[in-house]
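Okay, structure first, notes after.
In our numbering, the protein residues as written are 53 to 508.
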């Protein structure tokens with residue numbers, strides 16, 4: 053039985069979602085422009101996009117990762133979007149959008165975008181390629197490396213304007229600029245031309261895949277939803293028997309909360325550490341395409357755990373990943389190993405634009421997640437020998453990484469911030485026991501986000 057559940061039309065793309073019920077399964081099938089059955093319109097659109105895309109860069113590698121494959125007793129493959137000319141998949145959507153608009157606007161019209169970095173770099177590269185002007189709005193908090201690379205890719209064709217602390221504030225400024233006649237908006241994700249371009253990622257995978265059957269599982273990162281929507285549409289048209297899961301930052305769960313509420317939710321606050329995927333509100337077109345999924349299909353990735361994955365990939369594999377680029381890899385940690393065993397898993401490695409000035413923060417977060425570093429506030433007695441007595445408690449694998457008086461006074465006790473690193477997390481159990489036995493008064497602030505952010 054086929055039952056129509058809803059329809060919508062955005063960006064010239066008419067679609068309805070139909071629930072197909074059978075005795076054995078429940079699937080979702082898109083009806084595009086009035087056609088039902090084994091459809092090829094979207095896939096054909098992607099094919100046309102990729103044929104022109106080949107003029108500026110070759111397909112990115114599909115690589116089996118032996119380290120993770122052995123770790124999870126599975127076949128783990130990376131789609132290396134960190135190896136595009138701009139080190140992220142965003143160039144695909146930007147190219148498809150710009151190339152589709154060249155004959156519809158004057159040569160003086162600027163392409164405008166708001167981006168935390170990767171879409172900006174993609175648009176800058178494409179506009180320089182077509183010798184068209186671009187005005188790019190970026191949050192003030194954007195890593196300097198991404199700002200510099202955007203300027204480098206765009207050369208004399210790009211103007212960068214830094215405004216706002218978050219993507220959404222930046223996006224509002226870009227929209228206001230366009231409304232005042234500044235140019236045409238090139239959206240980062242909320243447009244079918246962008247979605248079609250991003251879907252070229254999975255189109256390439258289909259051509260590169262040498263196995264007899266499609267992947268059992270695909271994990272794709274999600275921020276605004278452009279890449280996730282494109283992959284979802286492609287899988288449905290191709291009728292792949294593949295499970296699609298989404299990796300989203302725990303501190304910016306816009307898709308997860310929207311699916312849970314069954315409507316688009318704008319986050320009131322979010323952690324912007326995963327700057328390439330920290331979006332307060334999932335795209336409108338994107339949510340229409342993704343609302344068929346359940347909240348359980350979204351894997352929320354803790355930011356500190358993500359940092360441990362980034363350092364692991366750097367140290368073991370020599371792969372430099374930005375936080376958003378490591379989301380799909382880290383999501384494996386949330387899945388049951390029994391579920392992953394013997395499965396073919398495709399991970400979309402979405403970006404490698406990492407500012408190495410952030411490396412100390414990444415290492416710090418990774419140590420804290422692994423339980424190898426803790427921060428304390430101690431009441432320290434103001435007497436000779438107190439520091440020596442404290443240091444004598446520490447074990448051979450414990451090290452004081454920071455020691456700072458928070459308030460100096462002549463009183464009997466003073467507040468001291470102490471950071472301790474160790475080689476094994478279990479060492480802290482013995483250390484806390486010895487603190488108590490010695491009568492030290494302290495507070496562990498490692499997991500107190502507000503207090504640790506304020507003090508540390």
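Don't be surprised by glycine CBs; every beta carbon is placed ideally from N, CA and C.
Cβ-based burial, residue i [other Cβ within 10 Å; buried from 16]
i: residue 315; result: exposed
i: residue 89; result: Only weak support is given to the placement of residue 89: the predicted model assigns it a pLDDT of 37, under 50, and the value that follows is read from those uncertain coordinates. With fewer than 16 Cβ atoms within 10 Å of its Cβ, residue 89 is classed as exposed.
i: residue 51; result: Any property of residue 51 remains undetermined from this structure, which presents the chain solely from 53 to 508.
i: residue 111; result: buried
i: residue 458; result: exposed
i: residue 73; result: With a pLDDT of 33 at residue 73, under the threshold of 50, the predicted position of this residue should be treated as unreliable, though the coordinate-derived value follows. Flag for residue 73 reads exposed.
i: residue 64; result: Per-residue confidence for residue 64 stands at a pLDDT of 42, beneath the threshold of 50, marking its modelled position as unreliable; no derived number is given.
i: residue 443; result: exposed
i: residue 116; result: exposed
i: residue 289; result: buried
i: residue 158; result: exposed
i: residue 478; result: exposed
i: residue 491; result: exposed
i: residue 262; result: exposed
i: residue 248; result: buried
i: residue 448; result: exposed
i: residue 154; result: exposed
i: residue 402; result: buried
i: residue 502; result: exposed
i: residue 286; result: buried
i: residue 238; result: buried
i: residue 391; result: exposed
i: residue 190; result: buried
i: residue 420; result: buried
i: residue 171; result: buried
Sub-9 Å separation of residue i and residue j beta-carbons
i: residue 374; j: residue 119; result: no
i: residue 472; j: residue 465; result: no
i: residue 338; j: residue 219; result: no
i: residue 167; j: residue 142; result: yes
i: residue 335; j: residue 377; result: no
i: residue 469; j: residue 445; result: no
i: residue 162; j: residue 234; result: yes
i: residue 275; j: residue 342; result: no
i: residue 94; j: residue 258; result: no
i: residue 132; j: residue 105; result: no
i: residue 454; j: residue 427; result: yes
i: residue 211; j: residue 188; result: yes
i: residue 398; j: residue 129; result: yes
i: residue 125; j: residue 389; result: yes
i: residue 182; j: residue 245; result: no
i: residue 23; j: residue 345; result: No statement about residue 23 is possible, as the shown extent of the chain runs from 53 to 508 and does not include it.
i: residue 340; j: residue 296; result: no
i: residue 280; j: residue 307; result: yes
i: residue 363; j: residue 382; result: no
i: residue 134; j: residue 372; result: yes
i: residue 359; j: residue 396; result: no
i: residue 215; j: residue 231; result: no
i: residue 228; j: residue 193; result: no
i: residue 386; j: residue 431; result: no
Extent of the continuous alpha helix (DSSP H) to which residue i belongs
i: residue 220; result: 219-231
i: residue 493; result: Note, residue 493: premise wrong, no alpha helix (DSSP H); beta strand (DSSP E) at 493-496.
i: residue 140; result: Run containing residue 140: none; DSSP gives neither H nor E here.
i: residue 177; result: 170-182
i: residue 417; result: 411-421
i: residue 338; result: 336-342
i: residue 185; result: It is not in any alpha helix (DSSP H) - residue 185 carries neither H nor E in the DSSP assignment.
i: residue 382; result: 379-383
i: residue 441; result: 438-445
i: residue 289; result: 278-290
i: residue 247; result: 244-250
Residue(s) in a DSSP beta bridge with residue i
i: residue 269; result: 295, 397
i: residue 452; result: 472
i: residue 214; result: 190
i: residue 465; result: 433
i: residue 237; result: 164
i: residue 457; result: 468
i: residue 301; result: 353
i: residue 403; result: 140
Residue i CB to nearest heavy atom of the ligand SAM below 8 Å
i: residue 329; result: Ligands are entirely absent from the displayed structure, and the ligand SAM is therefore not among its contents.
Endpoints, the beta strand (DSSP E) within which residue i is located
i: residue 524; result: In the structure as shown, the chain begins at 53 and stops at 508. Residue 524 is therefore absent and cannot be evaluated.
i: residue 115; result: 114-116
i: residue 128; result: 127-132
i: residue 350; result: 350-353
Closer than 8 Å is the cut-off here; do at least three beta carbon pairs connect the stretch 170-182 with the stretch 133-143? Yes: the two stretches touch, three or more of their Cβ pairs being nearer than 8 Å.
Looking at C-beta atoms only, is the number of pairs between the stretch 257-275 and the stretch 187-207 that lie closer than 8 Å three or more? Under the Cβ criterion (8 Å, minimum of three pairs), the stretch 257-275 does not count as touching the stretch 187-207.
How about the stretch 345-364 and the stretch 290-307: do they share at least three Cβ pairs that are nearer than 8 Å? Yes, they touch.
Count the CB pairs spanning the stretch 403-415 and the stretch 432-441 that are closer than 8 Å, and state whether there are at least three. No, the stretch 403-415 is not in contact with the stretch 432-441.
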